[in-house]
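Remember, this note's numbering sits 485 above the position in the sequence shown when you count from 1. Working notes, beginning with the structure itself.
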Amino acid sequence: MTTQETRNESGAIDPLGMTSGAFVRAAGESGVGADAARRAYQSVFREGAREVVFGRRGVVPVVHAPIVRELEEETGEGVIRKFVQRLPGVSAPGPGASRDIPHFDIESVLIPMIGRRGVKSHTLCVSSQVGCAMGCGFCETAQMGLVRSLTASEIVGQWWAATHERGATVKNVVFMGMGEPMDNVEAVIDAIAVLTDHNGPSIPMANIMVSTVGKIDGLRRLCEQMRAPGWHKLGIAISINAPNDRVRSQIMPINRATPMAELRDAIAAIPHVGTHKKLCFGYVLIPGVNDREEQAAELAEYLRPFTVSGSDDGTHKGMLNLIPYNPRRDSPWPAPDEAHVDRFLGWVRERGVYAKRRRTKGRDTMAACGQLGTEEIRKRKFVGVRIDQPPAG
Ligand code: SF4
Numbered sequence: 486m487t488t489q490e491t492r493n494e495s496g497a498i499d500p501l502g503m504t505s506g507a508f509v510r511a512a513g514e515s516g517v518g519a520d521a522a523r524r525a526y527q528s529v530f531r532e533g534a535r536e537v538v539f540g541r542r543g544v545v546p547v548v549h550a551p552i553v554r555e556l557e558e559e560t561g562e563g564v565i566r567k568f569v570q571r572l573p574g575v576s577a578p579g580p581g582a583s584r585d586i587p588h589f590d591i592e593s594v595l596i597p598m599i600g601r602r603g604v605k606s607h608t609l610c611v612s613s614q615v616g617c618a619m620g621c622g623f624c625e626t627a628q629m630g631l632v633r634s635l636t637a638s639e640i641v642g643q644w645w646a647a648t649h650e651r652g653a654t655v656k657n658v659v660f661m662g663m664g665e666p667m668d669n670v671e672a673v674i675d676a677i678a679v680l681t682d683h684n685g686p687s688i689p690m691a692n693i694m695v696s697t698v699g700k701i702d703g704l705r706r707l708c709e710q711m712r713a714p715g716w717h718k719l720g721i722a723i724s725i726n727a728p729n730d731r732v733r734s735q736i737m738p739i740n741r742a743t744p745m746a747e748l749r750d751a752i753a754a755i756p757h758v759g760t761h762k763k764l765c766f767g768y769v770l771i772p773g774v775n776d777r778e779e780q781a782a783e784l785a786e787y788l789r790p791f792t793v794s795g796s797d798d799g800t801h802k803g804m805l806n807l808i809p810y811n812p813r814r815d816s817p818w819p820a821p822d823e824a825h826v827d828r829f830l831g832w833v834r835e836r837g838v839y840a841k842r843r844r845t846k847g848r849d850t851m852a853a854c855g856q857l858g859t860e861e862i863r864k865r866k867f868v869g870v871r872i873d874q875p876p877a878g
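Structure representation (structure tokens):
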């Protein structure tokens with residue numbers, strides 16, 4: 486957890502990576518009173534202050550990665566905006582000669598929503614890594630490999646840029662951008678602690694969702710965290726995408742290490758799983774791969790302990806989110822046709838699964854699920870480069 490002060494690469498205090506408690510403690514060591522420190526922290530998150538006065542340390546700038554590129558797409562509910570922030574690069578030692586990586590790009594997506602009273606707000610989809618090591622066959626980001634994990638400050642910096650540089654009202658945050666959050670679980674936990682801080686962004690825990698392919702060690706660590714007060718409301722989305730091990734291992738290499746039976750045990754261990762309304766299963770429907778009726782039946786059977794509707798009190802446990810496949814670049818599979826998506830939805834519902842289909846937003850800007858990825862980096866094949874000391878945003 487973010488209980489200690491964090492610093493950026495120049496050694497300065499880095500409020501975007503700290504809870505208010507950690508910030509106030511660090512400020513106290515520099516001779517700043519708790520009230521003044523709390524106000525300074527609030528000004529960074531609520532007003533977008535770009536610097537804070539920090540006692541003996543003088544003026545501390547709020548360092549965040551600049552937005553260098555944006556793509557927009559019109560939808561019925563407003564404009565979907567993908568924005569790219571740029572982090573400084575490094576010189577990474579390699580066999581023979583070192584390779585210069587000029588910069589790292591992080592991608593985030595702002596998805597508009599219109600509420601019941603016509604009030605506009607946004608869901609912010611954040612990245613937790615640059616690239617991803619998981620190699621899912623249907624995913625654009627997988628083509629890049631893992632470049633590096635983001636720090637908590639860099640994750641929170643995506644919220645800060647969306648809110649204070651683009652004026653968005655962010656109601657929900659979903660960890661569904663580039664990267665596997667459970668492959669960077671400590672930074673993700675720290676980022677959530679900041680995002681939910683009442684003196685900071687103050688996003689309700691129930692409005693945050695972490696999506697994972699089911700990387701077991703990370704999931705277990707998150708479950709442990711979810712026993713802390715308030716954390717049980719955190720949403721968890723498991724990317725299932727297949728009815729059985731044969732299909733899942735073909736499209737998701739993680740399944741070869743952790744077969745579906747083991748994954749099911751890990752899901753069953755999520756705190757409050759029996760009543761958890763924020764448990765969600767993602768199923769990317771891919772023509773010719775996982776879209777037949779018998780596969781719907783097999784999937785329903787697998788999900789039965791978690792998603793069956795119609796319990797006595799009328800509540801459901803978890804939900805299946807059916808996602809029509811968005812073809813990545815050079816995809817071997819097409820998108821499913823609309824009628825077939827509805828048929829598949831009917832098949833799982835008939836078998837008692839509480840299921841919805843996700844409306845596809847952002848396909849043209851390559852901002853839809855599984856399509857985040859930077860073509861430039863993808864071509865460079867920086868697979869497996871890990872940086873121990875990441876440059877801060
Ligand atoms: S779907 Fe998620 S976990 Fe799989 S490769 Fe893409 S970003 Fe990584």
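All residues carry an ideal CB built from backbone N, CA and C; glycine is no exception.
Shown here, G720 sits in a strand according to DSSP, grouped into three states. Using a cutoff of 8 Å, the CB of G664 counts as near the ligand SF4, since one of the ligand's heavy atoms is closer than that.
Around the beta carbon of H549, 16 or more other beta carbons lie within 10 angstroms, which makes this residue buried.
Within the segment 669 to 700, the runs of beta strand (DSSP E) at least 3 residues long that lie entirely inside it are, in chain order, 693 to 697. Restricting attention to G685, Y768, I771, P790, the CA atom closest to the CA of G506 is found in G685. By a beta-carbon distance limit of 8 Å, V826 does not contact A785. Their separation comes to about 16 Å.
For V538, the enclosing beta strand (DSSP E) begins and ends at 536 to 538. Distance from the C-beta of F623 to the nearest heavy atom of the ligand SF4 is below 8 Å.
Between the segment 664 to 680 and the segment 608 to 618, the count of Cβ pairs shorter than 8 Å is three or higher; the stretches touch. Counting along the chain, no beta strand (DSSP E) covers L501, and no H or E run does either.
Considering only D702, E671, G715, the residue with the shortest C-alpha distance to S687 is G715. One Cα belongs to M503, the other to R836, and the distance between them is close to 46 Å. Non-local beta-carbon contacts of K605 in its own chain, meaning distances under 8 Å to residues more than five positions away in sequence, involve G563, P597, M598, I599, T654 in chain order.
Taking a cut-off of 8 Å for Cβ pairs, the segment 671 to 681 and the segment 639 to 647 touch, as three or more such pairs fall below it.
L609 sits away from L631, with the two beta carbons spaced by 9 Å or more.
Within the DSSP secondary-structure output, N657 pairs in a beta bridge with T608. Here C624 carries a coil assignment [DSSP, helix/strand/coil].
The three-state secondary structure of P744, taken from DSSP, is coil. Here I591 really is in contact with L572; their C-beta atoms are around 7 Å apart, less than 8 Å.
Relative to the non-hydrogen atoms of the ligand SF4, the Cβ of S696 comes within a distance shorter than 8 Å of at least one.
Bounds of any beta strand (DSSP E) do not take in T636, whose DSSP letter is neither H nor E. Apart from the 5 residues on each side of it in sequence, A820 sits with its Cβ closer than 7 Å to the Cβ of P809, Y810, N811, P812 in its chain, given in chain order.
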